[in-house]
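So for the sequence shown, the numbering used here puts the first residue at 5; every next one is plus one. All residues carry an ideal CB built from backbone N, CA and C; glycine is no exception. What follows is a short report on a single structure.
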Amino acid sequence: PRLLHRGGDLSSRIAALMLLTTHVLAWSPAAHPPPVCSTGVLPEPAAAAAVAAAGAERCARLPAVGSRGGVARAVMTTDPPIAVPGRMSKLERMRSRYGVAYEPEGGWAPQEDAISYADLEAGVGDIASFSRGDSVTGTVLGFEPNGVLIDIGVKSSAYCPIGEAALEKPMRPEDVFDLGASYEFLIVSREDENGQQLLSRRKILTVQAWDQVSEMMAADKAVEGTVAAVNRGGAIVTVEGLRAFLPGSHYLPGQNPPEELVGQPLKVKFLDVDRENNRLVVSHRKAMVDQTINNLNVGSVLAGVVTAVKPYGAFVDLGGMSGLLHISQISCDHISDVASVLPLGAPIKCMVISQDKSKGRVALSTKTLESEPGDMLKKREKVFEEAEATAAKYQERLEAERKAREEAAQDVIFGLESVFVDEPADEADADAPSPEPAAEN
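Here is the structure:
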C-alpha cells in the first residue's frame, strides 16, 4: 500500500495494484513471504514490469478452483488499456481493480446447445399480450385481502381489486369468486413495472345487467327489486344489480315511500331504460296495476279511496289502480252533486262492472250494491257493510236472469225448428195424388 501513495506514472501504479491483488489471493505465511521494498521508493517502469511478471508467475502456481465444467485456474490479466489518460470508464475501472480472471482448464469449450437471439425472440412472441379494453377469460389463482390474483395466460398474473369484483362491492373476494374457477374480465390498465395488469369483473356484469333490463322493459315484465334508500323525491331501488330511481308519484297514489321500506323487496316495472345516460326509472304503481287487472273479474267487490271528484263522477284508487265511478252508477236515485255523496278522501266499496285490460281501464258501480234504491244517499255506511252480501245476491240474480234468457232463447229456437219441420210435411201431403175409387163389380 505504501507504493500506491508514492510518486510514479500510471503504469507503475497499475503494476503495483496488480501485484497487491495477486499477493492477497495467493499469499501464505510459509511459502510466500510478503515483498519488501528496501528503498521505499516506487520502482521504475522496467522494475514494475518485472514485478508484474513475478505476480503472473505466482498466479500460475495458484491452486486450482473447482467448477461445474471442470478445473478452473486464476489467470493474471494483461495491463488494461486506458482510452483517456486520467479518466477511466466504468469498465476500465473494474478491469484495473480486479485484475485476476478465471477460466476452465483447456479454455472455454464451444456451447452447442446455446440459445440464439432468433430462438429467444420466437419464444417471447408466443406469450400472449392484451391491451386496455380487451375482454379475457381468467382463472382464480389466489385471494388477497383487497383483491384476487388471476391467470390470464401472460407472463405475470393479473390483479382484480375487490371494488371491481362485482356490481356491488363484497365484503371479501371469496364471497364472489371460487378458487380455480374461470370468469370473464375486462382489462382496465396497462402493464406496470412488474408486468401486471388490472382487471374488472364489474364492467362485464354491468353490460350484462343493462342487456337484461332492456329485454325486461321490451317485454313489459315486472321484476323484484330491493329498496336501497328513500328521499323526498322517491326512492332508490336496486334492480338486477343496477341502481334505479322510483319517483314518489309512482309508488302508490297519494303516498311517498316510507323509511321502513329500506331493505325490503318491492315489485316494479320499468318506465325508462337509458344506457347511454346511465338512467333507469321504475314504477311500483304500474306493477301493482297490472297485477290487479290480471286478477280482476267483473262482479268483484273492491275497497278503495276517492282520489278525485269530477262533475261526471269520481276516481277511486284501488290499491295502485284507478277506476272510474260514473255519476249514473252511484245510486238509483238522481244525483246532482257528486262531492256531496262521495267527498274527496272518503273510503268506499264498489263493484267492478267492466274492464279493459289492454288500456288499464276499470268501470265501477255502487248502485248495484244498494239493497233498496237510494240507499247510497240515505244509508251509505250500511251499503258498504253489506257490500259483499249484496254483491253475492246481485250475482245470483244475474245468474238467474242469464239462465232465464238462455231458456227463453232455447224455446224460441225449438219453436222455429218445429215450424220449419212441420211445413214440408204438409206440402208433401198436399202434392200426393188422391186414391182411386174401387172398381164396381
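What residues in its chain sit with their C-beta under 7 Å from that of residue i, if we drop five residues either side in the sequence?
i: residue 253; result: none
i: residue 148; result: none
i: residue 177; result: 147, 151, 152, 166 and 169
i: residue 188; result: 139, 141 and 208
i: residue 345; result: 334, 339, 380 and 381
How many Å lie between residue i and residue j at the Cα?
i: residue 242; j: residue 274; result: 12 Å
i: residue 318; j: residue 172; result: 46 Å
i: residue 320; j: residue 235; result: 27 Å
i: residue 175; j: residue 181; result: 12 Å
i: residue 396; j: residue 272; result: 34 Å
i: residue 356; j: residue 250; result: 29 Å
i: residue 86; j: residue 101; result: 13 Å
i: residue 365; j: residue 210; result: 37 Å
i: residue 399; j: residue 302; result: 10 Å
i: residue 91; j: residue 158; result: 46 Å
i: residue 215; j: residue 204; result: 18 Å
i: residue 70; j: residue 132; result: Below a pLDDT of 50, predicted positions are generally treated as unreliable, and residue 70, at 44, falls in that range; the measurement from the model is reported next regardless. Spanning the two alpha carbons is a distance of roughly 42 Å.
i: residue 244; j: residue 212; result: 10 Å
i: residue 237; j: residue 411; result: 59 Å
Do residue i and the ligand FMN come close, with the Cβ less than 8 Å from some heavy atom?
i: residue 153; result: With respect to small molecules bound, the structure shown includes none, and the ligand FMN cannot be examined in it.
For residue i, which option in the options has the closest C-alpha, if you only look at C-alpha atoms?
i: residue 161; options: 198, 415, 238 and 98; result: 198
i: residue 331; options: 370, 352, 185 and 217; result: 370
i: residue 382; options: 358, 334 and 174; result: 334
i: residue 225; options: 341, 292 and 211; result: 292
i: residue 378; options: 338, 360, 416 and 351; result: 338
i: residue 352; options: 322, 409 and 344; result: 322
i: residue 328; options: 304, 368, 309 and 341; result: 368
i: residue 290; options: 155, 228 and 186; result: 228
i: residue 325; options: 384, 405 and 256; result: 256
i: residue 206; options: 419, 99 and 192; result: 192
Does DSSP classify residue i as helix, strand or coil?
i: residue 332; result: helix
i: residue 204; result: strand
i: residue 337; result: coil
i: residue 86; result: coil
i: residue 217; result: helix
i: residue 295; result: helix
i: residue 154; result: strand
i: residue 302; result: coil
i: residue 228; result: strand
i: residue 97; result: helix
i: residue 262; result: coil
i: residue 359; result: strand
i: residue 233; result: strand
i: residue 181; result: coil
i: residue 255; result: coil
i: residue 279; result: coil
i: residue 188; result: strand
So, at 6 Å on beta carbons, what are the nonlocal neighbours of residue i in its own chain, with the 5 sequence-adjacent residues on each side left out?
i: residue 221; result: 274 and 277
i: residue 120; result: none
i: residue 231; result: 239, 241, 265, 266, 268 and 270
i: residue 388; result: 353
Using a Cβ-Cβ cut-off of 9 Å, state whether residue i counts as contacting chain D.
i: residue 260; result: Of the protein chains in this structure there is only one, and it is not chain D.
Give me whichever residues DSSP pairs with residue i in a beta bridge.
i: residue 316; result: Beta-bridge pairing links residue 316 to no other residue.
i: residue 92; result: Note: residue 92 sits in no beta bridge, so no partner.
i: residue 248; result: 241
i: residue 308; result: 352
Going along the chain, which residues of its own chain have a beta-carbon closer than 8 Å to the beta-carbon of residue i, five neighbours each way excluded?
i: residue 194; result: 135, 136 and 201
i: residue 233; result: 239, 240 and 266
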